[in-house]
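Residue 181 is where the sequence shown starts when you use the working numbering, and the numbers rise one by one after that.
For each residue, glycine too, the CB sits at the ideal point set by N, CA and C.
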Amino acid sequence: MTEGVRLVMLGRQGAGKGTQAIRLAQHYVVPHISTGDMLRAAVAAGTEFGLKAKEVMDAGGLVSDDIMVGVVDERLHQSDTTGRGYILDGFPRTVAQAESLAAITADRPLEVVVNLEVPEDVVAERITKRRVCRTCGHIYSVDAPPKHGWICDVDGGEVVQRADDTAEAVRKRLDLYAAETLPLVPFYAERGLLVEIDGLGSTDEVFERIFAAIDARR
Ligand code: AMP
């Protein structure tokens, strides 16, 4: 079997990072840990925490660092991640989260951070066209829909537009990304972990670029 990997995916909303993260997780046989998916699961379960998170998410805001760090800390101590590794998608989103992540993973440090670079005008259009499976989170687009109506090819779930993919929430997320998340690019470059990938092109082309860049580092 291939070696595992401990990897963080960075990139603007809609840069295709979720799709690439899922493929990388399949390739390296490690869990795909999406904090957005974990929050959406809490929302769907209707927990008190989920209801609070939903308000923040629908407005395009960020859930507090304390909460997110707690969620990820717990997840990264489960045996599937302590063994082969993980693909972290959507975390860290702030420098404070990145510092906490370094502390959490001190004994098994992160190996690589992939930054998917896609211009803002392109991602804004992609997000508006994005549709996702309600149950498994598989990502489609108006230009690349499921085979049969809006029913997921993977698990038969209903394929819908995310509640936070409205124009206003998207604008807020892109602004927050520039203010809070972009500083992670120099943060990880200074630590020698950053790989910059051009995110334009087909899913296959971009995956090959990421895969080659990771392989070249090993
Ligand atoms: P995503 O699916 O990664 O786009 O996340 C959807 C929403 O969940 C974000 O817009 C935030 O409101 C929230 N969220 C996900 N991950 C984080 C995080 N690491 N820190 C703060 N908020 C987060």
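Item checked: beta strand (DSSP E) runs wholly inside the region 305-389, at least 3 long, in chain order -> Qualifying beta strand (DSSP E) stretches, in chain order: 310-313, 319-321 and 374-378.
| query | Quick check: the region 295-312 against the region 182-202, are there 3 or more CB pairs under 8 Å? | reply | Touching, yes, given that three or more Cβ pairs across the two stretches are closer than 8 Å.
Would the beta-carbon of residue 339 fall within 8 Å of that of residue 313? Yes; because the gap between Cβ atoms is below 8 Å, this pair is in contact.
Within the continuous alpha helix (DSSP H) that includes residue 279, where are the two ends? 275-284 is the span of the alpha helix (DSSP H), which, as asked, contains residue 279.
Roughly how many whole angstroms lie between the Cα atoms of residue 198 and residue 295? Rounded to the nearest angstrom, the gap between the Cα atoms of residue 198 and residue 295 is 12 Å.
Do the region 256-271 and the region 204-216 meet, that is, are 3 or more Cβ pairs less than 8 Å apart?
Taking 8 Å as the limit for Cβ pairs, the verdict is that the region 204-216 does touch the region 256-271.
Inter-residue Cα distance where the pair is residue 363 and residue 355: Just so you know, the alpha carbons of residue 363 and residue 355 end up roughly 13 Å apart.
Report task. Determine the direct distance from the alpha carbon of residue 187 to that of residue 288, and round the result to whole angstroms. Result -> C-alpha of residue 288 to C-alpha of residue 187: approximately 11 Å in a straight line.
Buried or exposed for residue 290, going by 16 or more other Cβ atoms inside 10 Å?
By the 10 Å Cβ count, residue 290 comes out buried.
task = List in chain order: all unbroken alpha helix (DSSP H) runs of 4+ residues lying wholly within the region 218-271.
result = If you keep only unbroken alpha helix (DSSP H) runs of at least 4 residues inside the region 218-271, you get 228-238, 245-255 and 259-263.
- Flag this pair as touching only if the region 211-218 and the region 267-279 have three or more C-beta atom pairs under 8 Å; answer yes or no. Enough Cβ pairs lie closer than 8 Å, so yes.
8 Å Cβ cutoff met for residue 308 and residue 345: Yes, the Cβ-Cβ distance between residue 308 and residue 345 is below 8 Å.
For residue 361 and residue 273, which I take to be in contact (beta-carbon distance under 8 Å), what is that distance rounded to the nearest angstrom? Contact between residue 361 and residue 273 holds, since their C-beta atoms are separated by about 5 Å, short of 8 Å.
Inset, instruction - Could you pull the start and end residues of the alpha helix (DSSP H) that residue 203 belongs to? - result: First-last of the alpha helix (DSSP H) with residue 203: 197-208.
Review point. Counting along the chain, where does the beta strand (DSSP E) carrying residue 297 start and finish?
Key: Run containing residue 297: 292-297, per the beta strand (DSSP E) assignment.
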